[in-house]
Structure formats: C-alpha cells, structure tokens
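Asks:
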Amino acid sequence: MRSRSRYIVGRDSQLREIEQALTDAGEGRGGVVFLVGEAGIGKSRLAAEAVGMAFGRGVRALRGRSSTTGPTVPFRPLTEALMSLFRSGEPMDDLPLGPYRPALGRIIPDWSSDAQNNSSMVILGEAVLRLLIATGKEHGQLLLLEDLHDADPETLAVVEYLVDNLEYTNIVLLATIRTEPCDALDMADSARRRGVGTVLELAPLTRPEVRSMIAAQLDTEPDRVPAAALDRLWDDSAGSPFLVEELLQGMIGSGALVRFEDGWRVVGDLRSDVSTALARGILRRIDRLGPQGLTLLSAAAVIGRRFPLTVLQRMTGIDDRGLLSHLHAGVAAQLVVPDEPAPDWYAFRHSLTAEALLTQLTPGNRAAMSGRAADAVQALYPDLEGDWCPLVAELRSQAGDEAKAGRLFTDAGLRALAAGAIGSAITLLSRAERLLAGSQDVAGRTDALEALLPALAEAGDFTRAFGFAENLHTLGGSGLSTTRLAALHTRLAKVAHTAGRWEDGNRQIAQARTLLGGTPDERCTASIDVTAAYLALDTPGPDRTQLAEKLAHSALQAAQRHGLATVACQALELLATLARERDFDEATALLESALHTAEQHQLPLQRMYALTRIGGNNWLTEGATAPLLAARAEAQRLGSATIVYTIDGIMILDAVLRAGFTAAQQSAEECLAVVQRLRLAPATRYVLMARAALAAHRGDRPAMEESLAGFADWDGAGSQEEPLTRGLARAFCALMEEDRAGAVHEMRAVADLEDTNPSTYYLSGRYGIGLLLDVLSGGADRAAYEEIAATAPGRMRWNRQFVHFAGAVLLGREGRPEEAAAAVAEALRTADPYTTALHLGLRLIAEAAYEDGWGEPVAWLRRAEEHFHQGGVAAVAGACRAALRRMGAPVHQRRTGSSAIPDVLRSQGVTVREYEVFQLLAERLGNKDIADRLYISPRTVEKHIAALGTKTGRPNRASLCELSASLAASAS
Numbered sequence: 019m020r021s022r023s024r025y026i027v028g029r030d031s032q033l034r035e036i037e038q039a040l041t042d043a044g045e046g047r048g049g050v051v052f053l054v055g056e057a058g059i060g061k062s063r064l065a066a067e068a069v070g071m072a073f074g075r076g077v078r079a080l081r082g083r084s085s086t087t088g089p090t091v092p093f094r095p096l097t098e099a100l101m102s103l104f105r106s107g108e109p110m111d112d113l114p115l116g117p118y119r120p121a122l123g124r125i126i127p128d129w130s131s132d133a134q135n136n137s138s139m140v141i142l143g144e145a146v147l148r149l150l151i152a153t154g155k156e157h158g159q160l161l162l163l164e165d166l167h168d169a170d171p172e173t174l175a176v177v178e179y180l181v182d183n184l185e186y187t188n189i190v191l192l193a194t195i196r197t198e199p200c201d202a203l204d205m206a207d208s209a210r211r212r213g214v215g216t217v218l219e220l221a222p223l224t225r226p227e228v229r230s231m232i233a234a235q236l237d238t239e240p241d242r243v244p245a246a247a248l249d250r251l252w253d254d255s256a257g258s259p260f261l262v263e264e265l266l267q268g269m270i271g272s273g274a275l276v277r278f279e280d281g282w283r284v285v286g287d288l289r290s291d292v293s294t295a296l297a298r299g300i301l302r303r304i305d306r307l308g309p310q311g312l313t314l315l316s317a318a319a320v321i322g323r324r325f326p327l328t329v330l331q332r333m334t335g336i337d338d339r340g341l342l343s344h345l346h347a348g349v350a351a352q353l354v355v356p357d358e359p360a361p362d363w364y365a366f367r368h369s370l371t372a373e374a375l376l377t378q379l380t381p382g383n384r385a386a387m388s389g390r391a392a393d394a395v396q397a398l399y400p401d402l403e404g405d406w407c408p409l410v411a412e413l414r415s416q417a418g419d420e421a422k423a424g425r426l427f428t429d430a431g432l433r434a435l436a437a438g439a440i441g442s443a444i445t446l447l448s449r450a451e452r453l454l455a456g457s458q459d460v461a462g463r464t465d466a467l468e469a470l471l472p473a474l475a476e477a478g479d480f481t482r483a484f485g486f487a488e489n490l491h492t493l494g495g496s497g498l499s500t501t502r503l504a505a506l507h508t509r510l511a512k513v514a515h516t517a518g519r520w521e522d523g524n525r526q527i528a529q530a531r532t533l534l535g536g537t538p539d540e541r542c543t544a545s546i547d548v549t550a551a552y553l554a555l556d557t558p559g560p561d562r563t564q565l566a567e568k569l570a571h572s573a574l575q576a577a578q579r580h581g582l583a584t585v586a587c588q589a590l591e592l593l594a595t596l597a598r599e600r601d602f603d604e605a606t607a608l609l610e611s612a613l614h615t616a617e618q619h620q621l622p623l624q625r626m627y628a629l630t631r632i633g634g635n636n637w638l639t640e641g642a643t644a645p646l647l648a649a650r651a652e653a654q655r656l657g658s659a660t661i662v663y664t665i666d667g668i669m670i671l672d673a674v675l676r677a678g679f680t681a682a683q684q685s686a687e688e689c690l691a692v693v694q695r696l697r698l699a700p701a702t703r704y705v706l707m708a709r710a711a712l713a714a715h716r717g718d719r720p721a722m723e724e725s726l727a728g729f730a731d732w733d734g735a736g737s738q739e740e741p742l743t744r745g746l747a748r749a750f751c752a753l754m755e756e757d758r759a760g761a762v763h764e765m766r767a768v769a770d771l772e773d774t775n776p777s778t779y780y781l782s783g784r785y786g787i788g789l790l791l792d793v794l795s796g797g798a799d800r801a802a803y804e805e806i807a808a809t810a811p812g813r814m815r816w817n818r819q820f821v822h823f824a825g826a827v828l829l830g831r832e833g834r835p836e837e838a839a840a841a842v843a844e845a846l847r848t849a850d851p852y853t854t855a856l857h858l859g860l861r862l863i864a865e866a867a868y869e870d871g872w873g874e875p876v877a878w879l880r881r882a883e884e885h886f887h888q889g890g891v892a893a894v895a896g897a898c899r900a901a902l903r904r905m906g907a908p909v910h911q912r913r914t915g916s917s918a919i920p921d922v923l924r925s926q927g928v929t930v931r932e933y934e935v936f937q938l939l940a941e942r943l944g945n946k947d948i949a950d951r952l953y954i955s956p957r958t959v960e961k962h963i964a965a966l967g968t969k970t971g972r973p974n975r976a977s978l979c980e981l982s983a984s985l986a987a988s989a990s
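Here the sequence shown stands for residues 19 to 990, where the numbers follow the working numbering.
Now the structure itself:
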C-alpha cells in the first residue's frame, strides 16, 4: 500500500507568516518571503501549501523553478513563471507597460525583438514588476520561485530589484533556497537585514513532530506509532521530512512494518544504511510500475530532474497511451509530478529520486541513454534554442562525446555573452574549455578560449585568465594556425590592459605580431592595433597619446572596411577619450557612433562601454552622475566587475569633490578591499588617489601620505592617475595648510608629469586651480587665461569654477568691477555642488578683490571662515580671520576645540590658543614662524610661551619643545 501525509507537520509558524504576507498583499502591502532549509526539509511542500492558500483567496500563483541539472540558463525560472500568464487566455497585448514592454523580450519569447538586449537591469526589473502589477491588479499575485540557489546571476539581479520594490504592491514573492553558501542565500540575508524580506528557516522536525508525521502517513493516531519504528526513523532521518517519508515507505515495502487489524506492528529488521535503504525503497516502488515504467523513468532521470514528454517519448519509443499510463502511475506513487505551468513537462518529486534511478544504471547504459536523449532533442529542436543547447551539451558529455559536448557548451556560452550574461557565459565556456582540452580538439578549444578570456577579464578573474597564457605554446605545437594563436595572444593582451598590466600586455602584442609575420591580414591586425592602442595609452612616455590615436585610427579604418563591429566600437571609444582634450562635441559624436554600432550589431559589452564613457563625459562637463549610475547598473547586470568598480571609483571622487567626506570614506574602504583582492590595478590606483584627495580636502596630511604610499605600491609612477595625486591631493593639501607656495610647486610638478606622460584625466588642476594660483601670483596674464578658458578641459565643471574665479581677478585688476562681480557670481553657480572648492575660491580671491577695490571681500572671507572652521581646517579659518583683521573688519574670536588639548595640559589650565602655539614648538620654530602660521604677532607668541612655561613648570623654551615633541609622538 502507499501511504500519504494528510497535512504538513511542524510548520505552523511558517504557514502563519505566509498567510499574513498574503493578507498584507491583499491590502496593498506586498512582501517577500524566503523559505530556507536543507534538501528534503520540506521547502517545496510548504511552497505548494502556499500556492493552495493563494488559490483559496482568489490570488493567481505564478511558478518557476531554477535548473538543478546541467549549466544555468539566464532568466529560466522567471520565464517559466511569467509564461503561465500567456496561457491564461487573458489579453496581454494591451497591458499598460509603455516603454517597458520591449525589455521583457529577454524573458518572454512571445515579446522578443531585435532590441531585446538593450535594456539595463534596472529597466528589466522594473518591467517585470510592472507586468506583475498589471496582470494582478484585481486580486494580487503570488510569484513562487523554487530552488533559487541554482538560479543564474541574471535571475538573481532581477529578483533583487523586485525584493526592493514590492512594498506598495499586491504581490508576494515566495522563494525557496537551500542552506548552502550561494548568492541567493546572501541576497535573502541582506533583504532580512534591510527589513524588506522575511527569512523563514525550516529546522528539522522534532521527535514529536516526526511521530505526528508518521502517524499521518500511516493513517493512525500518534500514540499508536510503533516505538521501534519511531526510534529508527528518528535516528536515521535526522528530522528530514523527505527521509522520514521515504524510509517509512521502505519499511512498509520490505515487509518490516505491517498493518494488522489492531494497528501497525514491526515484524522485520528495521536496520539499514540510510542511502541504500532510500535508493532501494524508491526503486522498489518503481519496480511496481513494470519494466517499461522503469525504463521510462530511468530515461527521464538521464535528462534531469525536469523532463519534457516529447523528448522522453522519442527517446524511448513508447506510444502515447503507454507514456501517459506510466506517468500517471508515477504520479500516483508520488515519484513524479506535473511540472506546472509547463504542460509538456514533468519533474521528479525530489532530486534524490532521480539520483536513485541513476544508481541502477551501469556507466555504459547511462552513456547510451544520454546519447539517445541528445539525439532526440536535436531531432526535435535542431536549432537548440534557449535551454536546449546547454541541455544537449550536458547529455553529450554524459554520453562520453567530449568534443561535441565542448563545442555545444561553447555555443551556449557565446549566446550567453551575446545576451550580456557574463556569469553564465563563464560557467558554460569554462566547461567547454575543460572538455575540449581533454578531447584534443585544438580548434574547438581555441574557440572557447577566445570567448572565455575577455569574459574572465570583465568579471575580474585575472588569475584564471593569465593562467591560460602559460599553455598557449602547447596549442601552437598542436597544429593551431598562427592566425588563431595570434588572436589568443591579443585576447590576453586585452586582459592585461584591463588588469592594468601594460608590460605584460605589450609582450603579448609583440608575440601576436611576430606570429603574423611581415604581411599580415588586415582583419587580424585590426584587433591587434586597437588593443595595442589601449596599452599605448597606459605605457609611460611623452608620445603615448599620439601613438594611441594613430593605432586606434588604423584599427577603425580596417574595421570599417571589413565589417569588424567590435573592433570599430573599441576604436571609437578610445578615440573619443583622446578627443576630449580638443572638443567634447567631437568626443560625444564618436561615442554615439560607438553606441549605435553596438546596438546595431547587438554587442552588449561594447554598448556598456559606450554608455560608461558617455556618462563619464557628462560627469566631467556638468557634474551629472545619473548617466554614470545608469551605466553602472548595466555593468552590474552584465556582470562586468571592472566597469562596476571603475564607476565606483569615480563616484567616490565625486563625493570627495562635493565634500561628502563621511560617505566617501566608507565607500573608499569598501571598494578598495574588493579591487585590491581582484588585483584591478587601475581601479585600485584611482580609489587610492580619491582617498588621498579626501584626506587633502580635510587638511589631513598624514592620511594623505599613507594613501599616496599605497598608490606608489600599485605602479603609480607614470600612470595616468599620477597627475591627479599632485593636483587633487598634494596641491589641495598645501592650500588647506595655507602653504600657497607649496601648492604652486605641486602644480608645476603636475605640468612636468603631463608633459612627460600625457594623461586623459583632466582634473589635475592644470586647467583650473593652477590657473587661479598663477593669476593671483601674477604668473598668468589675460592671454594665458584666454588660452586655458578656451580649451575643452577648461570648460569641465570642476575646472570651470576656478577659471571663472581667475577671470574675476583679472577683470578686477583691469578696473572692470561689475564684470568681475558677475564672473564671481558665475563661479559660485558653477561651484554650487563643490562646497570646499567654492569656499576655497572665495578665500583665495578675497584679498585680491580688496586690494583692487571690487566685490565683497569681507563677506566672502566671513563665509569662508565659517565653512573651514566648521570643517576643522584651522589653518584656512585662521588665515581668513587674519585677512579680515587686516581689512579692519571685526573678527569673531573662536575659542572652541578644548577637547583636543591633552588632559595633562588641560588640567594645568592651558588654553586653546596656547595649545596651538605649544604644538608648533615640537618643530622648534621661532616666534616669527609661529606667528606666521597662526596669523598672530610675534609678541603674542612670546606671551603664550611665557604662560606655557609657568603653567607646565618648564624652566625654558628648550624644555617646552621637548615636552611638545614627546606628547606629539605619544599621540601618533
């Protein structure tokens, strides 16, 4: 006999949580529930009960399951769930989706179009959300996604968007996840911490709950369960509901547990190995289906946990009546279930059932059946669209045909790359490369490597990518053509560029050119030239920008002649970067051409690069961050770690320039930990530069020097970021210390660096703060000003604020006060986002304005003094107060900051101003030097030192200097 459980045992609290979630959704408060537990703990059972609860409320349930066998396929569970909407008979074409409908073509085949790859992850997530809201507006919907631990990265990205945005809807997202390390479990934990999701952990059943479950299946009362059977099942199942049920069926099937008129009795030996007993119990039930039933289900197990009837029938040759008869018997025996909502698909009730079936197949039988399954799929679906390609690849692998399997995995990986699914592509292509390496299919392995290497670079896995470099010579010795081998060296050169390893990249380029000889095919050299152009821009040297531009032009011309879309995009993007120095309109036109080419040829990665550079241009010209953040979302959707962290670095610097120091500090520490672990040298240097700039803007020289030391360790010398460390960090820090001569010195160093190693980064100060300093010192006249103001870098927003300030000083000096005041007003409008720079500009121009008799220098100095005092930049605040005194303006005395005085000095009555003098004694400065630093008179310094000697009991100045130095050393 076959027993059945009439109800779920031990899950009352979880059911209440799910019921409450459905109730809340009915009131317009949607939510997310994650069912988390080990295999067999009852997640699917509880999820099925949730579906029943939803139906009882009139709520539609959409169900999808991630693949548990073979490689992952992008968006599979979402596609399965949402496709049931199209089988409901409701009109779907008139839904109010607006511009979001085309994005859904990536998930819903019925709505696919040529433009389906052009949507960002944010747009795609929003599109799914709007579809759910539109189709469930009357009664709400339950979206059930099972086995999310097996989901692809792309599915998880959409789910994460839904998790964050379901609160004010009538939708419940219910997902099942296994308790094993995976991205899905991390996402659930993050949602729980942020309060946007509920995590229900399913613990093993207790002994009383196991007894209740046994009683339910035996259709008896709990106190009538045989004690010996309970003991054995409790010990062997460890509280797993699935094991309880399967082991109990094994006891009944073996005759060890028998029902008599007065109840159930143990009449045989209950002891057995759990795995053996489990497999034997399952197979015993299958045996009751007869030899044909065993053959049918064994064939199904070879296909996977889910299996389509059309393939199964073609594979086994069983007629329609026999097929359905055996399937219905399998359903009755609780071995398989219809895999709703797909009408032609069934699934094993538990993965252990399929595993048990496979244990009874010999390796030869399993290989033969796998081959027949692959033949059946290819006969029915010769184009192997969607999931079919990786499925057949897996079946060919099981059949022992490594070469065919490897090439199919390569095809599946290339399709994933074309769809922008880098994570899935790496999984598929890695499998292809391993299989083809073992099959001695050199050409096939090369195909896999050519796609895998750039994918690994995008994901930041440089260690694996460079690991292949050591074995390239073996491919050359295996009959691979020099053209193909040169292409692999070029791919590795591109990887080296992404990692910031220009020397390694140049070596790979040299090897590629050597392999091609003196008269290479232009189609081959185009790819080499464009990669060499990117490397040239990273390689230190005075002519690097000219060489890069020459190589990029050559690559572009060849690409246009031979229809090489990827190379054309890469060349256009680099040329746009170089054009920024001349004309931003030219740069924008080149990037729009690259974007158009990428979209026309469905190149998602190149589209992402173009969007990133367009966003970068917007940030430079107007300080706008929205386009960059949209590009980051696209990069995250595609799985491009390099671009995600590159944009993160820019956002950190943007926060620094906007004086968002706390957020910048936190983001810098988090980002730096990741990019250093990934060995992303360019991103690491950029973040270290931004962190140094952060310290400089605070006037914290020790912290700045620490970051710059780290920058030097990451090959900072000669890099494009090096001038930024001088202008945005060292020069700014000097200005925060009121060391204007030091700032001018640093700006001279910037000019020398950029002459020796030209950079495409233009925020170093040469076109901004450096001009202002030169104008103030008389080192730049109107001609020099006009020259810089007319440049494209001079029109970048960060630079433009200082250019306007410089213009105001010149106008005031020329006796044009109204125009000078108007220039300051324009500078303040431009500098509005950059509060530190704004107030520094006012502080710098105030004295010149006072001397030349224009503007509002007193008001500017008061404003700047307040800002820098509040920011703790004492030197600049003090300089503002000193300048106000020289102008005869009343000055508010600041006497805060006593908390900074060491306890030993505070207890002796040392004041804030005395402590400022005391700190400088550690440097053994004279009275005049101290007075200059603090903007007080030497006589005042003398009085403070005398007071310090009296209060501390020190007999002379030398003794005070020693005390100051010792306290400074202990504080550090």
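Glycine included, every Cβ here is placed at the ideal spot set by N, Cα and C.
Tell me whether the beta-carbon of A612 lies closer than 7 angstroms to the beta-carbon of G633.
Replies: On the sequence shown, position 594 is the one that residue 612 refers to. On the sequence shown, position 615 is the one that residue 633 refers to. For A612 and G633, no; Cβs fall outside 7 angstroms.
Asks: Go ahead and label N135 buried or exposed: buried means 16 or more other beta carbons lie within 10 angstroms of its beta carbon, across all protein chains shown.
Replies: As a first step, residue 135 must be located in the sequence shown, where it is residue number 117. Unreliable placement is indicated for N135, whose pLDDT of 47 sits below 50; no coordinate value is reported for it.
Asks: Can you list, in chain order, the residues of its chain whose CB lies under 6 angstroms from that of G12, leaving out five sequence neighbours each side?
Replies: No answer is possible for residue 12: the residues shown for the chain start at 19 and end at 990.
Asks: Please name the residue, chosen from R449, V181, A849, that lies closest to R414 on a Cα-to-Cα basis.
Replies: Translated into positions along the sequence shown, residue 414 becomes position 396. For the residues R449, V181, A849, the minimum Cα distance to R414 belongs to R449.
Asks: Do you know offhand how far E263's Cα is from L370's?
Replies: Locating residue 263 in the sequence shown gives position 245, where the first residue counts as 1. Locating residue 370 in the sequence shown gives position 352, where the first residue counts as 1. Cα-Cα distance, rounded: 13 angstroms.
Asks: Straight-line CA distance for M765 to E540?
Replies: Here residue 765 corresponds to residue number 747 of the sequence shown, with the count starting at 1. Here residue 540 corresponds to residue number 522 of the sequence shown, with the count starting at 1. Answer to the nearest angstrom: the Cα atoms are 44 angstroms apart.
Asks: Report buried or exposed for H167, applying the criterion of at least 16 other Cβ atoms within 10 angstroms of its Cβ.
Replies: Taking the first residue of the sequence shown as 1, we reach residue 167 at position 149. Buried: at least 16 other Cβ atoms inside 10 Å.
Asks: Going along the chain, which residues of its own chain have a beta-carbon closer than 6 angstroms to the beta-carbon of N974, five neighbours each way excluded?
Replies: For this step, residue 974 is matched to residue 956 along the sequence shown. Cβ within range, chain order: n/a, list empty.
Asks: Thinking C-alpha only, which one of R433, A616, V77, V320 is nearest Q378?
Replies: The residue labelled residue 378 in the question sits at position 360 within the sequence shown. Minimum Cα distance to Q378 is reached at V320.
Asks: Where DSSP assigns a beta bridge to A164, which residues make up the other side?
Replies: Taking the sequence shown and counting its residues from 1, the one referred to as residue 164 is at position 146. Looking at the sequence provided, one finds Glu at residue 164 rather than Ala. Its beta-bridge partners are R83.
Asks: Using alpha carbons as the reference points, say which of G734, L862, L474 lies closest to L771.
Replies: For the purposes of this step, residue 771 is identified with residue 753 of the sequence shown, where counting begins at 1. The candidate whose alpha carbon is nearest that of L771 is G734.
Asks: Please confirm whether V214 and V176 have their CB atoms less than 7 angstroms apart.
Replies: Locating residue 214 in the sequence shown gives position 196, counting from the first residue. Locating residue 176 in the sequence shown gives position 158, counting from the first residue. Against a cut-off of 7 angstroms, the Cβ pair of V176 and V214 comes out as no contact.
Asks: Would you report the Cα separation of Q888 and H910, rounded to the nearest angstrom?
Replies: Within the sequence shown, numbered from 1, the residue matching residue 888 stands at position 870. Within the sequence shown, numbered from 1, the residue matching residue 910 stands at position 892. So the alpha carbons of these two residues sit roughly 14 angstroms apart.
Asks: What residue range is occupied by the uninterrupted beta strand (DSSP E) comprising E219?
Replies: As a working note, residue 219 is residue 201 in the sequence shown. Unbroken beta strand (DSSP E) run through E219: 216-219.
Asks: Please return the same chain residues whose Cβ sits closer than 7 angstroms to the Cβ of A554, not counting the five positions on each side in sequence.
Replies: Here residue 554 is taken as the residue at index 536 of the sequence shown, counted from 1. Answer for A554: R562, L565, A566, L569, listed in chain order.
Asks: Using 8 angstroms for Cβ pairs, my map puts P259 next to R83. What's the rounded Cβ distance?
Replies: For the purposes of this step, residue 259 is taken as the residue at position 241 of the sequence shown. For the purposes of this step, residue 83 is taken as the residue at position 65 of the sequence shown. 19 angstroms between Cβ atoms; not a contact.
Asks: Does DSSP put N135 in a helix, a strand or coil?
Replies: Along the sequence shown, read from residue 1 onward, the residue named residue 135 stands at position 117. Residue placement at N135 is poorly supported in this model, since its pLDDT is 47, which falls under 50; the coordinates are not used for a value here.
Asks: For A849, which residues of its own chain have a beta-carbon under 6 angstroms away from its beta-carbon, when the five flanking residues on both sides are left out?
Replies: Counting from one through the sequence shown, the residue named residue 849 turns up at place 831. So the list reads Q819, A855, L856, once near-sequence residues are dropped.
Asks: Can you say whether Y186 is buried or exposed, counting buried as having 16 or more other CB atoms within 10 angstroms of its CB?
Replies: Your numbering for residue 186 matches position 168 in the sequence shown. By the 10 Å Cβ count, Y186 comes out exposed.
Asks: To the nearest angstrom, report how far apart G13 and M722 are at their CA atoms.
Replies: The first residue shown for the chain is 19 and the last is 990, placing residue 13 beyond what the model contains.
Asks: Assign R815 to one of two classes, buried (16 or more other C-beta atoms within 10 Å of its C-beta) or exposed (fewer than that).
Replies: Walking along the sequence shown from the start, residue 815 turns up at place 797. Under this definition R815 is a buried residue.
Asks: Among all the DSSP beta bridges, which residues are the ones paired with G281?
Replies: Within the sequence shown, the letter at position 263 stands for residue 281. BP columns for G281 point to F278.
Asks: Of the choices E476, T853, R509, L498, whose alpha-carbon is the least far from that of F486?
Replies: For the purposes of this step, residue 486 is taken as residue 468 along the sequence shown, with counting starting at 1. Among E476, T853, R509, L498, the Cα nearest to that of F486 is on R509.
Asks: Going by DSSP, name the residue or residues bridged to L192.
Replies: Here residue 192 refers to the residue found at position 174 of the sequence shown. Paired residue(s): V51, L162.
Asks: Taking only three categories from DSSP, how would you classify R439?
Replies: Working through the sequence shown from its first residue, we reach residue 439 at position 421. The question names Arg, but residue 439 in the sequence shown is Ala. It is coil, neither helix nor strand.
Asks: From the DSSP output, which residues share a beta bridge with F366?
Replies: Counting from 1 along the sequence shown, the entry for residue 366 is found at position 348. Paired residue(s): V354.
Asks: Just to confirm my understanding: we take T774, look at its own chain, exclude 5 residues before and 5 after, and list those with CB closer than 7 angstroms. What are they?
Replies: For the purposes of this step, residue 774 is identified with residue 756 of the sequence shown, where counting begins at 1. Result list for T774: P560, in chain order.
Asks: Should D405 be labelled buried (16 or more other beta-carbon atoms within 10 Å of its own) or exposed?
Replies: Mapped onto the sequence shown, residue 405 falls at position 387. When all chains shown are included, D405 counts as buried.
Asks: Within the present structure, is the beta-carbon of L149 separated from the nearest heavy atom of the ligand FAD by less than 6 angstroms?
Replies: The ligand FAD is not among the ligands present in this structure, which contains no ligands whatsoever.
Asks: Could you pull out every residue in the same chain whose Cβ sits closer than 8 angstroms to the Cβ of D291, ignoring the five residues on either side in sequence?
Replies: By one-based count along the sequence shown, residue 291 stands at place 273. Because D291 sits at a pLDDT of 49, beneath the cut-off of 50, its placement in the model cannot be relied upon, and the point is left open.
Asks: So what does DSSP say about P908, is it helix, strand or coil?
Replies: Numbered from 1 along the sequence shown, position 890 holds the residue referred to as residue 908. P908 falls in the coil class under three-state DSSP.
Asks: Could you compute how far the alpha carbon of L474 sits from the alpha carbon of L261?
Replies: Position 456 of the sequence shown, counted from the first residue, corresponds to residue 474. Position 243 of the sequence shown, counted from the first residue, corresponds to residue 261. For L474 and L261, the distance between alpha carbons rounds to 41 angstroms.
Asks: Which residues does DSSP list as the beta-bridge partners of P326?
Replies: As a first step, residue 326 must be located in the sequence shown, where it is residue number 308. Partner(s): W363.
Asks: List the residues that DSSP assigns as beta-bridge partners of R78.
Replies: Numbered from 1 along the sequence shown, position 60 holds the residue referred to as residue 78. Answer is Q159.
Asks: Return the chain-ordered list of same chain residues with a C-beta closer than 6 angstroms to the C-beta of S39, the five sequence neighbours on each side being excluded.
Replies: Locating residue 39 in the sequence shown gives position 21, where the first residue counts as 1. Rather than Ser, the amino acid found at residue 39 in this sequence is Ala. For A39, where only same-chain residues beyond five positions count, the Cβ hits under 6 angstroms are G49, V51, V190.
Asks: CB-CB under 8 angstroms to T958, same chain, minus the five flanking residues each way: which ones, in chain order?
Replies: On the sequence shown, position 940 is the one that residue 958 refers to. Around T958: A949.
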